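Residue numbers (my numbering): 9 to 516. Each residue gets a CB set at the ideal place from its N, CA and C atoms; glycine is no exception. Note that the structure is a prediction, hence the values are computed from the model and not measured.
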Amino acid sequence: MTFEARERLLGLRSWHHDWRGLRVAVLGLGVTGFSVADTLCELGSRVRVIFGDDDPDRERLLEVIGAERTQSKSDDEQLESLREFDPELVVVSPGYRPDHPLTEWAEQRGTLVWGDIDLGWRLRDKTERIADWICVTGTNGKTTTSGLTAHMLRVGGLRAVPVGNIGVPILDALRDPQGYDVLVVELSSFQLHRLGDISPYASVCLNVADDHLDWHGGAHAYRAAKAKVYEHTQVACVYNRADLATEHMVEEADVIEGARAISFGLDAPPASGFGVVEGILVDRGFHAGRHTEAYELVTLDELAERSLEAPHLVQNILAASALARSRGVEPAEVAQAILSFQPDPHRAQRLGTYGGVAWIDDSKATNAHAAAASLRALENVVWVVGGLLKGVDLTDLVRDHAHRLRGVVIIGVDRRAVLDALERHAPEVPRIEVEPGETEDTMTLAVAAAASLAKAGDTVVLSPAAASMDQFSDYADRGRRFQTAVRALGGGDADDDDTSAEGWSSSR
9 MTFEARERLL GLRSWHHDWR GLRVAVLGLG VTGFSVADTL CELGSRVRVI
59 FGDDDPDRER LLEVIGAERT QSKSDDEQLE SLREFDPELV VVSPGYRPDH
109 PLTEWAEQRG TLVWGDIDLG WRLRDKTERI ADWICVTGTN GKTTTSGLTA
159 HMLRVGGLRA VPVGNIGVPI LDALRDPQGY DVLVVELSSF QLHRLGDISP
209 YASVCLNVAD DHLDWHGGAH AYRAAKAKVY EHTQVACVYN RADLATEHMV
259 EEADVIEGAR AISFGLDAPP ASGFGVVEGI LVDRGFHAGR HTEAYELVTL
309 DELAERSLEA PHLVQNILAA SALARSRGVE PAEVAQAILS FQPDPHRAQR
359 LGTYGGVAWI DDSKATNAHA AAASLRALEN VVWVVGGLLK GVDLTDLVRD
409 HAHRLRGVVI IGVDRRAVLD ALERHAPEVP RIEVEPGETE DTMTLAVAAA
459 ASLAKAGDTV VLSPAAASMD QFSDYADRGR RFQTAVRALG GGDADDDDTS
509 AEGWSSSR
């Protein structure tokens with residue numbers, strides 16, 4: 009790429025700049041990849057989408073929007089298409105590893121490689137209503153915190169939506185003709201790896217524990233990616249007092265002058281913090297007299313009435329409250345939002361009780377840190393665990409929670425690591441392996457196995473501590489199949505929200 013061409017690309021920092029005729033290769037045809045292709049075609053760029061798996065619906069839509077496409081499961085064939093296209097820019101879907109042959113080829117020849125978030129920041133001014141960005145990351149709790157923050161902002165009268173890793177592509181939101189006041193941008197470590205030069209209004213890293221080490225190449229690179237969320241923050245860097253790594257990230261970040269560090273935690277907060285005092289969630293971060301006073305938000309008893317009292321959920325609520333308050337939402341509006349919030353499915357979702365045994369779907373616990381939060385809130389647990397471990401060791405998780413376990417059901421392909429950890433730290437705990445097989449049967453067998461191990465007073469929790477793609481399309485598919493099997497166990501209609509069989513009581 010010539011110096012002039014590179015400078016032209018770097019100068020494209022507005023929707024209203026001239027993107028016409030730019031040759032852009034888009035890697036991946038998932039939700040994100042299609043949103044990138046659709047956006048760039050609208051801007052007049054020449055777009056070629058290169059992807060592996062068949063997707064007939066989106067492939068037909070590529071024809072409609074005027075994008076070229078190359079579908080092949082062979083990296084060599086994809087690379088040949090990329091070379092032939094000779095792109096001036098490559099935009100990568102989040103799952104592409106840094107060492108993927110296509111991205112390595114582009115970077116080695118000097119072609120710019122962006123992610124969808126970097127592209128979105130450049131195109132954020134399509135409408136006159138240019139949204140502030142509130143960025144949320146962390147090993148766990150991102151989706152709950154992002155959704156709750158957006159809910160608080162809406163209750164406060166702002167037009168806001170959660171986007172990014174949460175499921176709605178950021179480019180789709182930016183093209184909404186009405187525009188938004190705030191975008192709450194959930195960022196995975198994959199997206200942060202190629203974040204680009206953005207400047208969020210407020211930002212948070214909720215927590216950090218080893219995850220996706222195989223993708224990033226190690227714990228240091230993973231944590232460095234998470235730390236990018238604080239760079240160039242304008243108003244509030246929110247961090248977790250119980251996780252010193254997040255505080256160090258804020259201390260080391262290059263922020264806009266005047267940005268404040270705001271902490272959250274389950275203890276009594278310092279000035280410029282959110283926390284819990286005598287069973288009440290309080291805000292000392294944005295009170296004019298914060299050195300001596302605090303705003304009261306909600307009580308732990310009120311959260312318990314809504315099944316939101318688990319410690320990790322309280323932390324998410326405090327973090328979301330800090331983000332919303334930074335944007336001017338009043339304490340009473342924050343409280344109203346908390347008490348009207350419905351958490352996303354598959355995150356510590358209580359399904360009900362059958363025969364005295366409680367059942368919980370925590371399929372979204374795709375790593376050890378998330379599973380630890382789930383187990384910590386329970387006693388007398390029959391644990392359904394396993395899947396793709398992504399290079400993470402479960403030894404500490406099993407050791408720390410062995411005393412809670414009444415039984416373990418092991419699913420998924422990476423079972424050796426689970427079995428080894430159980431053998432070392434919970435050898436007396438009964439366990440049943442569900443051999444990898446048909447996806448349709450896995451959860452039926454796992455639920456039957458869990459039921460055989462559980463006694464009245466126990467809780468069965470699906471908290472896999474692993475990714476789902478070995479046997480399921482995603483964590484939601486895994487959770488839905490678990491819920492279907494649980495309802496069938498109780499004699500209820502798996503497609504009906506009201507399970508009324510004898511002995512079954514619903515918590516939903």
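Close-in-space but distant-in-sequence residues of the same chain around residue i (CB under 8 angstroms, 5 per side omitted)
i           : result
residue 91  : 113
residue 19  : 25
residue 148 : 214, 215, 217, 320, 373, 375, 377, 378 and 381
residue 89  : 56, 58, 78 and 80
Environment of residue i [buried if 16+ CB atoms lie within 10 Å]
i           : result
residue 252 : exposed
residue 300 : exposed
residue 479 : buried
residue 12  : exposed
residue 348 : exposed
residue 380 : buried
residue 432 : exposed
residue 74  : exposed
residue 350 : exposed
residue 264 : exposed
residue 481 : exposed
residue 211 : buried
residue 192 : buried
residue 449 : exposed
residue 537 : This structure does not reach residue 537, given that the chain is present from 9 up to 516, and the question cannot be answered.
residue 61  : exposed
Pick from the options that is closest to residue i, judged by C-alpha positions
i           : options               : result
residue 23  : 83, 443 and 126       : 126
residue 376 : 157, 266 and 475      : 475
residue 304 : 292, 165, 296 and 211 : 292
residue 395 : 322, 263, 314 and 418 : 418
residue 408 : 397, 390, 425 and 383 : 383
residue 117 : 329, 94, 107 and 124  : 94
residue 184 : 152, 203 and 132      : 132
residue 280 : 162, 296 and 288      : 296
residue 354 : 298, 62, 334 and 483  : 483
residue 107 : 96, 97 and 121        : 121
residue 459 : 366, 426 and 403      : 366
residue 266 : 243, 285, 259 and 257 : 243
residue 406 : 390, 110, 398 and 426 : 426
residue 456 : 429, 473, 390 and 129 : 390
Cα-Cα separation, residue i to residue j
i           : j           : result
residue 17  : residue 134 : 18 angstroms
residue 519 : residue 196 : No answer is possible for residue 519: the residues shown for the chain start at 9 and end at 516.
residue 369 : residue 469 : 6 angstroms
residue 248 : residue 172 : 22 angstroms
residue 332 : residue 274 : 18 angstroms
residue 413 : residue 34  : 47 angstroms
residue 363 : residue 410 : 24 angstroms
residue 436 : residue 200 : 42 angstroms
residue 330 : residue 233 : 23 angstroms
residue 204 : residue 245 : 18 angstroms
residue 31  : residue 237 : 29 angstroms
residue 81  : residue 115 : 22 angstroms
residue 7   : residue 207 : One cannot answer for residue 7 here, as it falls past the ends of the chain, which runs 9 to 516.
residue 64  : residue 79  : 11 angstroms
residue 288 : residue 336 : 21 angstroms
residue 416 : residue 182 : 45 angstroms
residue 255 : residue 104 : 29 angstroms
residue 241 : residue 209 : 6 angstroms
residue 51  : residue 28  : 6 angstroms
residue 387 : residue 466 : 7 angstroms
residue 276 : residue 170 : 29 angstroms
residue 53  : residue 84  : 25 angstroms
residue 527 : residue 315 : With the chain running from 9 to 516 in the structure shown, residue 527 is simply not present.
Spatial neighbours of residue i in its chain, beta-carbon cut-off 6 angstroms, leaving aside the 5 residues before and after
i           : result
residue 43  : 177, 179 and 180
residue 523 : Look at the range of the chain in this structure, 9 to 516, and you will see that residue 523 is not part of it.
residue 146 : 213, 214 and 215
residue 294 : 333
residue 464 : 364
residue 144 : 150, 153, 154, 194 and 212
residue 167 : 188 and 189
residue 486 : 371, 476 and 480
residue 250 : 273
residue 311 : 317
Within-8 angstroms CB hit, residue i to chain C
i           : result
residue 433 : Absent from the structure: chain C. Only one protein chain is present.
Cut-off 7 angstroms between Cβ atoms - residues of its own chain near residue i, not counting five sequence neighbours on either side
i           : result
residue 306 : 289, 343, 346 and 347
residue 101 : 35, 36, 38, 40 and 41
residue 556 : Any question about residue 556 goes unanswered here, given that the chain covers just 9 to 516.
Discussion item. Within 8 angstroms, do at least three Cβ pairs link the segment 185–205 to the segment 138–145?
Written reply: Flag = yes, the segment 138–145 and the segment 185–205 touch.
Practice prompt. Check whether the segment 155–168 touches the segment 336–356, counting contact only when three or more Cβ pairs, one atom from each stretch, lie closer than 8 angstroms.
Written response: These segments touch.
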